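Numbering (the working numbering), first residue to last: 24 to 177. Here's the structure, in structure tokens; my notes come after.
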């Protein structure tokens with residue numbers, strides 16, 4: 024597991040370019056998608072999870088769900104075209120579980136239109152560390168714990 028400035032990025036996951044969403048191979052050509060600890064640190068705790076319905080076709084860079092964080096509603100986007108295959112329905116009523124364990128609580132399972140292309144758009148390995156350092160520099164994060172405290176959320 025990579026730990027960058029106090030933020031964990033599990034090695035078995037792949038990430039979008041903004042490191043807000045993680046993806047895990049769930050078999051059968053599907054990818055589980057969830058929110059990263061880094062993404063949650065930037066926006067605050069998750070209060071509401073509203074996914075697109077099963078069977079919905081999602082274009083690349085479009086939302087597969089809406090989430091409410093800190094009195095703001097945000098789109099959770101996928102970098103690849105896909106279909107929503109399954110929703111983690113318990114999270115619709117208990118989204119706070121994601122705040123406690125972001126990497127143990129997937130939001131949806133997506134079936135990419137082109138699995139090879141989807142994986143080529145995601146970051147893994149050393150790419151994650153390089154991108155995390157870039158984004159943390161951009162946001163002035165020297166330590167994730169200090170950053171969260173400065174926002175009043177730790």
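Beta carbons are placed, not taken as given, at the ideal position from N, Cα and C, and that holds for glycine. Please read all numbers here as calculations on a predicted model, not as lab measurements.
A Cβ-Cβ contact shorter than 8 Å links residue 37 with residue 146.
Distances from the alpha-carbon of residue 113 to those of 123, 126, 130 put 130 closest. In terms of Cα proximity to residue 125, the closest of 43, 39, 27 is 43.
From the listed residues 171, 122, 156, 106, the smallest Cα separation to residue 54 is found for 106. Residue 81 places its beta carbon 8 Å or farther from that of residue 108. For residue 57, the secondary structure class from DSSP, reduced to helix, strand or coil, is strand. Between residue 93 and residue 67 a beta carbon distance of about 4 Å is seen, short of the 8 Å cut, so the two are scored as contacting.
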